[in-house]
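Residues 62 to 181 in our numbering are what the sequence shown lists, from first letter to last. Even glycine gets a Cβ: it sits at the ideal position worked out from N, Cα and C. Note that the structure is a prediction, hence the values are computed from the model and not measured.
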Amino acid sequence: MATKVPAKPPTQPVQLPKTDDGGAVVVERKTEKVKPPQMYQVVMLNDDYTPMEFVVVVIQEFFSKDLEAATQIMLKIHLEGRGVCGVYTKDVAATKVDQVLDAAHKAGHPLQCVSEPVEL
Ligand code: TYC
Numbered sequence: 062m063a064t065k066v067p068a069k070p071p072t073q074p075v076q077l078p079k080t081d082d083g084g085a086v087v088v089e090r091k092t093e094k095v096k097p098p099q100m101y102q103v104v105m106l107n108d109d110y111t112p113m114e115f116v117v118v119v120i121q122e123f124f125s126k127d128l129e130a131a132t133q134i135m136l137k138i139h140l141e142g143r144g145v146c147g148v149y150t151k152d153v154a155a156t157k158v159d160q161v162l163d164a165a166h167k168a169g170h171p172l173q174c175v176s177e178p179v180e181l
């Protein structure tokens, strides 16, 4: 059986790039490109049938407004036809719309609500 001669270790140890961050080597530094997400406003629409009290309760419940703020928003909708109840990321806004429509449907009211991108 042939005896293998072990390879000689290099005379000089291989020098790895010196780092002070645990071994990560920064190859390239790019300027930050992350933008804040597009936000969506939940807009409630007026109708002639949904009771004002119901709208106020819905705004308090799903948009975390106190009685006074919810009443102001409801009156704005009643007088102007529509009003913003809150501004959220896309998925959260869609969930709020679902919750409002579900509550209105269960109570037998025609209350309508939509979400739309906030203009910059
Ligand atoms: N206009 C309704 C009424 O007079 C009240 C109302 C307010 C309905 C806001 C919907 O989003 C709404 N009973």
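Which residues, in chain order, sit with a beta-carbon under 7 Å away from any heavy atom of the ligand TYC?
My final list is M105, L106, N107, D108, D109, Y110, T111, P112, M113, V116, M135, I138, H139 and L172.
Just mark L128 as buried or exposed, buried being the case when its beta carbon has 16 or more other beta carbons within 10 Å.
Walking along the sequence shown from the start, residue 128 turns up at place 67. Exposed, since its Cβ has fewer than 16 Cβ neighbours within 10 Å.
Could you tell me the alpha carbon to alpha carbon distance between V117 and V175, rounded to whole angstroms?
Mapped onto the sequence shown, residue 117 falls at position 56. Mapped onto the sequence shown, residue 175 falls at position 114. When rounded, the distance between both Cα atoms is 17 Å.
If distances are taken between C-alpha atoms only, which option among E180, L136 and V179 comes closest to P112?
Taking the sequence shown and counting its residues from 1, one reaches residue 112 at position 51. The residue with the shortest Cα to Cα distance from P112 is L136.
Go to V117, then tell me how far its alpha helix (DSSP H) extends in each direction, as first and last residue.
As a position in the sequence shown, residue 117 is number 56, starting the count at 1. M113 to F124 is the span of the alpha helix (DSSP H), which, as asked, contains V117.
D163 to E180, Cα distance in whole Å?
Within the sequence shown, numbered from 1, the residue matching residue 163 stands at position 102. Within the sequence shown, numbered from 1, the residue matching residue 180 stands at position 119. Spanning the two alpha carbons is a distance of roughly 27 Å.
One question on the structure: do V145 and V119 come within less than 7 Å of each other, judged by their Cβ atoms?
Taking the first residue of the sequence shown as position 1, residue 145 is located at position 84. Taking the first residue of the sequence shown as position 1, residue 119 is located at position 58. No.
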